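One structure below.
There are 2 protein chains.
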Amino acid sequence: MTMNAVTARLAFEVVKTACSNCNLRELCLPIGLERDELKRLDELVSTRRRLKRGDHLYRAGQGFESIYAIRSGFFKTDVMIEDGRDQVTGFQMTGELLGLDGISSEIHSCNAIALEDSEVCAIPFLQLEGLSRQIHTLQHHFHKVMSREIVRDHGVMMLLGTMRAEERLAAFLLNLSQRFKARGYSPAEFNLRMSRDEIGSYLGLKLETVSRAFSRFQEEGLLAVHQRKVRILNTAGLRKLLTHQRA
Amino acid sequence: MTMNAVTARLAFEVVKTACSNCNLRELCLPIGLERDELKRLDELVSTRRRLKRGDHLYRAGQGFESIYAIRSGFFKTDVMIEDGRDQVTGFQMTGELLGLDGISSEIHSCNAIALEDSEVCAIPFLQLEGLSRQIHTLQHHFHKVMSREIVRDHGVMMLLGTMRAEERLAAFLLNLSQRFKARGYSPAEFNLRMSRDEIGSYLGLKLETVSRAFSRFQEEGLLAVHQRKVRILNTAGLRKLLTHQRA
DNA sequence: CCCTGCCTTTGATCCAGGTCAACCCGGTTG
DNA sequence: CAACCGGGTTGACCTGGATCAAAGGCAGGG
Numbered sequence: 031m032t033m034n035a036v037t038a039r040l041a042f043e044v045v046k047t048a049c050s051n052c053n054l055r056e057l058c059l060p061i062g063l064e065r066d067e068l069k070r071l072d073e074l075v076s077t078r079r080r081l082k083r084g085d086h087l088y089r090a091g092q093g094f095e096s097i098y099a100i101r102s103g104f105f106k107t108d109v110m111i112e113d114g115r116d117q118v119t120g121f122q123m124t125g126e127l128l129g130l131d132g133i134s135s136e137i138h139s140c141n142a143i144a145l146e147d148s149e150v151c152a153i154p155f156l157q158l159e160g161l162s163r164q165i166h167t168l169q170h171h172f173h174k175v176m177s178r179e180i181v182r183d184h185g186v187m188m189l190l191g192t193m194r195a196e197e198r199l200a201a202f203l204l205n206l207s208q209r210f211k212a213r214g215y216s217p218a219e220f221n222l223r224m225s226r227d228e229i230g231s232y233l234g235l236k237l238e239t240v241s242r243a244f245s246r247f248q249e250e251g252l253l254a255v256h257q258r259k260v261r262i263l264n265t266a267g268l269r270k271l272l273t274h275q276r277a
Numbered sequence: 031m032t033m034n035a036v037t038a039r040l041a042f043e044v045v046k047t048a049c050s051n052c053n054l055r056e057l058c059l060p061i062g063l064e065r066d067e068l069k070r071l072d073e074l075v076s077t078r079r080r081l082k083r084g085d086h087l088y089r090a091g092q093g094f095e096s097i098y099a100i101r102s103g104f105f106k107t108d109v110m111i112e113d114g115r116d117q118v119t120g121f122q123m124t125g126e127l128l129g130l131d132g133i134s135s136e137i138h139s140c141n142a143i144a145l146e147d148s149e150v151c152a153i154p155f156l157q158l159e160g161l162s163r164q165i166h167t168l169q170h171h172f173h174k175v176m177s178r179e180i181v182r183d184h185g186v187m188m189l190l191g192t193m194r195a196e197e198r199l200a201a202f203l204l205n206l207s208q209r210f211k212a213r214g215y216s217p218a219e220f221n222l223r224m225s226r227d228e229i230g231s232y233l234g235l236k237l238e239t240v241s242r243a244f245s246r247f248q249e250e251g252l253l254a255v256h257q258r259k260v261r262i263l264n265t266a267g268l269r270k271l272l273t274h275q276r277a
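Same order as they appear, the protein sequences are chains W and R. For the first sequence, my numbering gives the first residue as 31, with consecutive numbering after it. For the second sequence, my numbering gives the first residue as 31, with consecutive numbering after it.
Here's what the structure looks like:
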């Protein structure tokens with residue numbers, strides 16, 4: 031093998047999977063790692079998976095062995111009870127981790143479904159634990175990610191427990207907006223990847239209620255909606271809905 | 031110092047704080063640790079804190095440095111938004127951990143309040159991370175605990191998003207019952223440590239609705255309630271409310 | 001012992017959001 | 001092109017739980 035062939039091979043692999051070369055490394059697990067630490071993480075994250083819209087990344091009941099970092103695309107997670115009722119527990123986008131629910135019992139407790147064609151990096155969990163025993167920064171960052179998920183869930187509980195329909199939708203839109211912004215997209219104009227029904231499930235509302243709330247926001251000049259295309263016209267107005275309403 | 035003095039001193043310390051001697055060690059962080067590992071955990075868990083009913087263990091906004099294992103007593107955690115609305119995010123009992131919300135930003139995001147006189151073990155988080163880099167079992171168990179919290183939160187989201195008032199209360203009571211049972215108490219008869227208002231906040235209901243649901247359950251012979259004293263008479267009936275109801 | 005204050009229960013009324021139903025719109029198929 | 005189909009919107013009506021109000025325990029303090 032010539033030197034060039036080696037270089038080419040390395041270059042190929044880097045393009046193929048490396049965290050060290052991923053433009054999400056500031057959003058994702060590698061945050062704060064040194065060059066050589068990053069390389070060791072690269073070794074774990076060797077398998078990618080492509081999913082088409084509608085595909086399951088994993089299902090409730092399946093054995094757990096990896097967590098997944100979203101490289102591109104958009105997901106929802108949901109839980110189901112026997113009688114068929116289900117609840118969307120979250121929407122995940124680029125750079126976010128999926129699968130943390132599986133750690134506790136080594137069995138996934140929810141479904142993760144791609145809402146658009148997506149790509150994820152699979153990170154074998156036991157190996158991640160091994161590496162994070164060696165790299166303090168990685169360990170600490172991983173703990174922060176899990177804790178952030180807990181805090182996020184508390185926010186959703188607050189939303190579901192105390193807010194009225196329009197407040198919920200406003201909170202939802204502001205959250206999406208802020209996350210798009212953090213990824214370099216417009217915070218004001220975006221396409222929803224999920225149906226009214228899925229938004230409703232997440233927010234504890236029926237799809238008709240979600241639709242009506244959208245229409246109301248439009249009437250009030252807070253935003254322009256057409257199907258799944260949303261443009262926020264008055265962020266402050268939306269924000270005021272959240273804080274100010276109620277006694 | 032005589033040998034006896036040394037022994038006595040050790041015995042004193044063991045009684046005072048050691049995980050190795052704690053009758054909760056099968057419920058709490060030490061699960062699965064070897065004798066010598068346990069000893070090293072003991073060294074971290076040196077500070078105890080006693081709280082009286084109503085005391086805050088920590089408050090939202092305070093800096094985070096330790097997580098807490100409940101040694102005895104009963105807690106609630108809640109989050110608040112500017113306009114004064116608050117949401118109880120959980121009730122914690124013996125052997126459960128508090129403070130995981132603080133890891134993500136190094137600032138606590140919720141309040142933890144004792145609902146009865148209680149005692150907790152403070153575990154400095156950075157030291158816990160250090161030790162769990164050395165003790166694989168401890169690391170893994172800690173990850174499971176965090177993950178379990180996420181799964182629990184998803185359950186609450188399901189409850190808040192899809193269940194009707196009586197289903198919520200049934201789910202709540204069954205959950206409490208099961209947790210008392212796991213601690214060696216009667217699963218059928220217990221004292222609620224929280225007010226109707228706090229139950230309502232947790233379940234996304236008003237206190238009057240909670241009270242009415244209790245009365246209804248009593249009429250239907252599912253349980254006997256008097257103020258905070260609850261006796262479950264028909265567990266299967268309560269369980270059926272959960273699964274069967276609705277289309 | 002009574003008083004005070006908090007918690008709980010219960011009744012009467014109201015309303016936000018659920019339910020049911022019709023229609024619309026854009027994309028796809030035969 | 002028509003027929004179809006899976007969202008999305010909109011209207012009319014209904015209901016579960018919120019709200020408002022009153023009264024009944026129970027615990028703690030003087």
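Note that beta-carbon positions come from the ideal geometry of N, C-alpha and C, so glycine has one too. Keep in mind the model is a prediction, meaning the values are calculated, not measured.
{"Query": "Same chain, Cβ closer than 8 angstroms to R213 of chain R, neighbours up to 5 away in sequence not counted", "Result": "L57, M123, T124 and G125"}
{"Query": "Collapsed DSSP secondary structure at G267 of chain W in the structure displayed", "Result": "helix"}
{"Query": "Proximal residues of chain R, C-beta to C-beta of Q117 of chain W below 8 angstroms", "Result": "H184, M187, M188, G191 and T192"}
{"Query": "Euclidean distance between Cα positions of F121 of chain W and L68 of chain W", "Result": "27 angstroms"}
{"Query": "Meets three-Cβ-pair contact criterion under 8 angstroms: the stretch 128-142 of chain R and the stretch 177-193 of chain W", "Result": "yes"}
{"Query": "Interface positions of the stretch 52-70 of chain R facing chain W (Cβ-Cβ less than 8 angstroms), listed along the chain", "Result": "none"}
{"Query": "Inter-residue Cα distance where the pair is Q257 of chain R and L222 of chain R", "Result": "9 angstroms"}
{"Query": "Collapsed DSSP secondary structure at C140 of chain R in the structure displayed", "Result": "coil"}
{"Query": "Limits of the alpha helix (DSSP H) - the one that Q122 of chain R falls within", "Result": "Note, Q122 of chain R: premise wrong, no alpha helix (DSSP H); beta strand (DSSP E) at D116 to M123."}
{"Query": "Residues near H138 of chain W by beta carbon distance below 8 angstroms, same chain, minus five either side", "Result": "Y88, R89, A90, G91, Q92, G93, F94, G129, D131 and G132"}
{"Query": "Anticipated Cβ contact below 8 angstroms, F105 of chain W with I153 of chain W, distance rounded", "Result": "In fact, because the Cβ distance is near 15 angstroms, the residues do not count as touching under 8 angstroms."}
{"Query": "Test item: CB-CB of R83 of chain R and E149 of chain R under 9 angstroms", "Result": "no"}
{"Query": "Contacting positions in the stretch 209-225 of chain W - beta carbon closer than 8 angstroms to chain R", "Result": "none"}
{"Query": "Every unbroken beta strand (DSSP E) within the stretch 183-239 of chain R, with a cutoff of 3 residues, ordered by chain", "Result": "219-221"}
{"Query": "Among W:Q169, W:H173 and W:T107, nearest to M188 of chain R - alpha-carbon criterion", "Result": "W:T107"}
{"Query": "Given 8 angstroms, three or more beta-carbon pairs between the stretch 244-258 of chain W and the stretch 154-168 of chain W", "Result": "no"}
{"Query": "Three-state secondary structure (DSSP) of L57 of chain R", "Result": "coil"}
{"Query": "Beta-carbon gap between L81 of chain R and L190 of chain W smaller than 9 angstroms", "Result": "no"}
{"Query": "Cα-Cα separation between A266 of chain W and L127 of chain W, rounded to whole angstroms", "Result": "30 angstroms"}
{"Query": "Spatially closest choice to L54 of chain W from W:R65, W:E73 and W:I100, by CA coordinates", "Result": "W:I100"}
{"Query": "Range covered by the beta strand (DSSP E) that runs through K259 of chain W", "Result": "K259 to I262"}
{"Query": "Of the residues R:L203, R:G234 and R:H184, the one placed nearest M110 of chain W, counting alpha carbons only", "Result": "R:H184"}
{"Query": "Buried or exposed by the 16-neighbour rule on C-beta atoms within 10 Å, applied to S216 of chain R", "Result": "exposed"}
{"Query": "L252 of chain R versus L204 of chain R: straight-line alpha-carbon distance, rounded", "Result": "12 angstroms"}
{"Query": "heavy atom of the ligand NAD below 8 angstroms from V240 of chain W C-beta", "Result": "The ligand content of the structure shown is nil, which means the ligand NAD is not present either."}
{"Query": "Under 9 angstroms from the C-beta of I278 of chain R: neighbouring residues of chain W", "Result": "Since the first residue of chain R shown is 31 and the last is 277, residue 278 of chain R is not available in this structure."}
{"Query": "Euclidean distance between Cα positions of Q117 of chain R and S231 of chain W", "Result": "20 angstroms"}
{"Query": "Which of helix, strand or coil DSSP assigns to L74 of chain W", "Result": "helix"}
{"Query": "Interface residues of chain R facing Q257 of chain W [CB-CB closer than 8 angstroms]", "Result": "Going along chain R, no residue has its Cβ under 8 angstroms from Q257 of chain W, so there is no contact; the nearest lies around 24 angstroms."}
{"Query": "Cross-chain neighbours of E228 of chain R in chain W, by beta carbon under 8 angstroms", "Result": "Residues of chain W passing the Cβ test: none, with the nearest at roughly 12 angstroms."}
{"Query": "Bridge-paired residues (DSSP) for H170 of chain W", "Result": "The partner list for H170 of chain W (beta bridge, DSSP) is empty, contrary to what the question assumes."}
{"Query": "Spatially closest choice to F172 of chain W from W:Y98, W:D85, W:L145 and W:E219, by CA coordinates", "Result": "W:Y98"}
{"Query": "Residue-level contact to chain W via CB, C49 of chain R, 9 angstroms cutoff", "Result": "no"}
{"Query": "Short CB-CB distance (under 9 angstroms) between H166 of chain W and chain R", "Result": "yes"}
{"Query": "Anticipated Cβ contact below 8 angstroms, R163 of chain R with R163 of chain W, distance rounded", "Result": "5 angstroms"}
{"Query": "Min CB distance G234 of chain W to chain R below 9 angstroms", "Result": "yes"}
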